[in-house]
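Trainee: Protein chains in written order, with my numbering: chain A, 1 to 197; chain B, 198 to 394. Have a look at this one before I ask anything.
There are 2 protein chains.
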Amino acid sequence: MVAEKRTRLSRQARRAQLITLGVQMLATRSLEELSVEDLADGAGVSRGLLFHYFDSKHDFHLAVVSELAKEMLERTAPDLALDPLDALHASLSAFIDFVSENRDGYMSLLRGAASGDPAIRKVLDETRAEMANRTLAQTPVLGIPAGPRTRISVRGWIAFTEEAVINWLSDEELSREELISLVSDALPALLIGAAPE
Amino acid sequence: MVAEKRTRLSRQARRAQLITLGVQMLATRSLEELSVEDLADGAGVSRGLLFHYFDSKHDFHLAVVSELAKEMLERTAPDLALDPLDALHASLSAFIDFVSENRDGYMSLLRGAASGDPAIRKVLDETRAEMANRTLAQTPVLGIPAGPRTRISVRGWIAFTEEAVINWLSDEELSREELISLVSDALPALLIGAAPE
Numbered sequence: 001m002v003a004e005k006r007t008r009l010s011r012q013a014r015r016a017q018l019i020t021l022g023v024q025m026l027a028t029r030s031l032e033e034l035s036v037e038d039l040a041d042g043a044g045v046s047r048g049l050l051f052h053y054f055d056s057k058h059d060f061h062l063a064v065v066s067e068l069a070k071e072m073l074e075r076t077a078p079d080l081a082l083d084p085l086d087a088l089h090a091s092l093s094a095f096i097d098f099v100s101e102n103r104d105g106y107m108s109l110l111r112g113a114a115s116g117d118p119a120i121r122k123v124l125d126e127t128r129a130e131m132a133n134r135t136l137a138q139t140p141v142l143g144i145p146a147g148p149r150t151r152i153s154v155r156g157w158i159a160f161t162e163e164a165v166i167n168w169l170s171d172e173e174l175s176r177e178e179l180i181s182l183v184s185d186a187l188p189a190l191l192i193g194a195a196p197e
Numbered sequence: 198m199v200a201e202k203r204t205r206l207s208r209q210a211r212r213a214q215l216i217t218l219g220v221q222m223l224a225t226r227s228l229e230e231l232s233v234e235d236l237a238d239g240a241g242v243s244r245g246l247l248f249h250y251f252d253s254k255h256d257f258h259l260a261v262v263s264e265l266a267k268e269m270l271e272r273t274a275p276d277l278a279l280d281p282l283d284a285l286h287a288s289l290s291a292f293i294d295f296v297s298e299n300r301d302g303y304m305s306l307l308r309g310a311a312s313g314d315p316a317i318r319k320v321l322d323e324t325r326a327e328m329a330n331r332t333l334a335q336t337p338v339l340g341i342p343a344g345p346r347t348r349i350s351v352r353g354w355i356a357f358t359e360e361a362v363i364n365w366l367s368d369e370e371l372s373r374e375e376l377i378s379l380v381s382d383a384l385p386a387l388l389i390g391a392a393p394e
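See the structure below:
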């Protein structure tokens, strides 16, 4: 029993290491380019051994995307000790740094073939829902009433932010600070417009 | 020569009819559900004959999506005789009616497996670029300076609008008029925020 448990734990730990390596590889390649061969080379193991840790290439990709989303949510968690607009600015700064570090993987997830995969879409949708819930938790503090207009506006603002960041990653015509102020100013602008008159 | 030309023209005309039928079918089904069998049934022709008009199912899907995008752009073309904000309101009303009529197909294009197909993504991206260019053509009239902030904000606003409409199609918690005012108010709110101080 003890031996079995130890083996299982180390399999989990080894799988987690491989997922971390996969996430690192997404900095400079799309999810489609993240092959099992590259992972095997990077980890110094055989391609066959990887299938001891992952059921399939899709299972590996899904695990990497889930880990990337989890790290993004951790990095961008709002600092509740700050004023809501300062917390928003800090979270967006962290978000933009995170996607800059994971540029190619991030762009492929949002705009590549992976965006059509149902399991990967589910992870992305859950991540967006968590971002929306965090944002909605702050809106009463800003004096914005809860309701369908506010909910739709917050979800729309997340889409606005993703599109703005994707455009910025492609051409970088704005500085990092200009982009952060563009997306953080957009939220109150949209929510004030969204408040019932 | 004359006979050959006539045959070629009628093949084009027949292909156009089949594309129109495919677009109509997208009102109540996703692109993935739009099968060659259903098209053959609807048109009263054999499945085999369809491949006289389309190279493949993908070719058929791509032609239908291109036609849908073309019709959407025609329906939402801004009325340049109107004041820019009235023209925006009219275009958005037409857009929301268009996507309501083509609900299932529209949602599948933006959020389904088709969104990962490179050829279909290209049509969607070109359509969004045309929507952005139309909008940007009006911004000087509104006193908004051209520049990267304005360009990124307009593209972000199109993503905001798509997300708001997708949410609205899913739950319809707002009336049609409330949705139109939400997305049309959002553009000036975002652009005023985007103007350099």
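Yeah, the Cβ is synthetic: ideal placement off N, Cα and C, and Gly gets one too.
Determine the chain B residues that contact ASP117(A) at a beta-carbon separation under 8 Å, and present them in chain order.
Mentor: Simply ALA310, GLY313.
Trainee: In chain order, what residues of the same chain lie with their CB nearer than 8 Å to the CB of ARG318(B), ignoring the 5 residues before and after it?
Mentor: SER312
Trainee: Taking ARG346(B) as the reference, give the member of VAL154(A), ASN133(A), LEU169(A), LEU174(A) with the closest Cα.
Mentor: LEU174(A)
Trainee: PHE160(A) touches chain B at which residues, Cβ-Cβ below 7 Å?
Mentor: Near PHE160(A) (Cβ distances below 7 Å), the residues of chain B are GLY353, TRP354, ALA356, PHE357.
Trainee: Along the segment 22-40 of chain A, what residues have a CB closer than 8 Å to any CB found in chain B?
Mentor: none
Trainee: Check whether the Cβ atoms of ARG352(B) and ASN167(A) lie closer than 8 Å to each other.
Mentor: yes
Trainee: What residues from chain A crowd round ASN364(B), counting only those whose CB sits closer than 7 Å?
Mentor: Those within 7 Å of ASN364(B) in chain A are ILE152, ARG155.
Trainee: For chain B, is any of its Cβ atoms less than 8 Å away from the one on LEU190(A)?
Mentor: Using beta-carbon distances, LEU190(A) counts as an interface residue toward chain B, with a partner under 8 Å.
Trainee: Please confirm whether LEU182(A) and ALA159(A) have their CB atoms less than 8 Å apart.
Mentor: no
Trainee: Going by the CB atoms, is the gap between ALA237(B) and LEU228(B) shorter than 8 Å?
Mentor: no
Trainee: Just to confirm my understanding: we take LEU376(B), look at its own chain, exclude 5 residues before and 5 after, and list those with CB closer than 8 Å. What are they?
Mentor: ILE293, ALA361, VAL362, TRP365
Trainee: Applying a beta-carbon distance threshold of less than 8 Å, which residues of chain B neighbour GLU126(A)?
Mentor: The premise fails here: GLU126(A) is roughly 14 Å from chain B at the closest Cβ pair, so nothing lies under 8 Å.
Trainee: Can you give me the C-alpha to C-alpha distance between GLN214(B) and GLN221(B), rounded to a whole angstrom?
Mentor: Roughly 11 Å separates the two Cα atoms.
Trainee: Would you verify that the beta carbon of PRO345(B) is, or is not, closer than 8 Å to some beta carbon of chain A?
Mentor: Cβ-Cβ to chain A under 8 Å: yes for PRO345(B).
Trainee: Please state the DSSP three-state secondary structure of LEU179(A).
Mentor: In this structure, DSSP gives LEU179(A) a helical state, which the three-state scheme calls helix.
Trainee: Entirely within the segment 4-46 of chain A and at least 4 residues each: give me those alpha helix (DSSP H) ranges in chain order.
Mentor: 36-43
Trainee: Within 8 Å (strictly less), CB to CB, does ALA164(A) reach chain B?
Mentor: yes
Trainee: Nearest chain A C-beta to GLU268(B) closer than 8 Å, yes or no?
Mentor: no
Trainee: Check the Cβ of LEU222(A) against every Cβ in chain B and list those closer than 8 Å, keeping chain order.
Mentor: As displayed, chain A neither begins before 1 nor continues past 197, which places residue 222(A) out of reach and without an answer.
Trainee: Helix or strand or just coil, what does DSSP make of PHE60(A)?
Mentor: Residue state, collapsed to three classes: helix.
Trainee: State the start and end residues of the unbroken alpha helix (DSSP H) segment that holds ILE341(B).
Mentor: Unbroken run through ILE341(B): none, as it is neither H nor E.
Trainee: Quick check on this structure: which residue in ALA113(A), GLY22(A), ALA137(A), SER35(A) has the alpha carbon closest to the alpha carbon of ALA69(A)?
Mentor: GLY22(A)
Trainee: Tell me the DSSP secondary structure of GLY313(B) in three-state form.
Mentor: helix
Trainee: Flag this pair as yes or no: are the beta carbons of ALA94(A) and ARG111(A) separated by less than 8 Å?
Mentor: no
Trainee: For SER381(B), which residues in the same chain have their Cβ closer than 6 Å to its Cβ, ignoring the five residues on either side in sequence?
Mentor: LEU285, HIS286, LEU289
Trainee: I need the boundaries of the alpha helix (DSSP H) containing ALA291(B), first residue and last residue.
Mentor: 281-298
Trainee: Just to confirm, is the Cβ distance from ILE216(B) to ALA260(B) under 8 Å?
Mentor: Cβ distance < 8 Å, so ILE216(B) and ALA260(B) count as in contact.
Trainee: Just the C-alpha distance for LEU73(A) and VAL99(A), rounded to the nearest angstrom, thanks.
Mentor: 12 Å
Trainee: Can you tell me which of the three DSSP states LEU201(A) falls into?
Mentor: Outside the shown range of chain A, which is 1 to 197, sits residue 201(A), and nothing can be said about it.
Trainee: With 16 as the cutoff for other CB atoms within 10 Å, does HIS61(A) come out buried or exposed?
Mentor: Around the beta-carbon of HIS61(A), 16 or more other beta-carbon atoms lie within 10 Å, marking it buried.
Trainee: Determine the chain A residues that contact ALA329(B) at a beta-carbon separation under 9 Å, and present them in chain order.
Mentor: Chain A residues near ALA329(B): none, gap ~10 Å exceeds 9 Å.
Trainee: Who are the neighbours of LEU265(B) on chain A, taking C-beta pairs under 9 Å?
Mentor: Per Cβ cutoff of 9 Å: no residues; LEU265(B) is ~17 Å from chain A at best.
Trainee: When DSSP labels each residue in this structure, what does VAL81(A) get in the three-state scheme?
Mentor: Strictly speaking, residue 81(A) in this sequence is Ala, with Val absent from that position. Correct three-state label for ALA81(A): coil.
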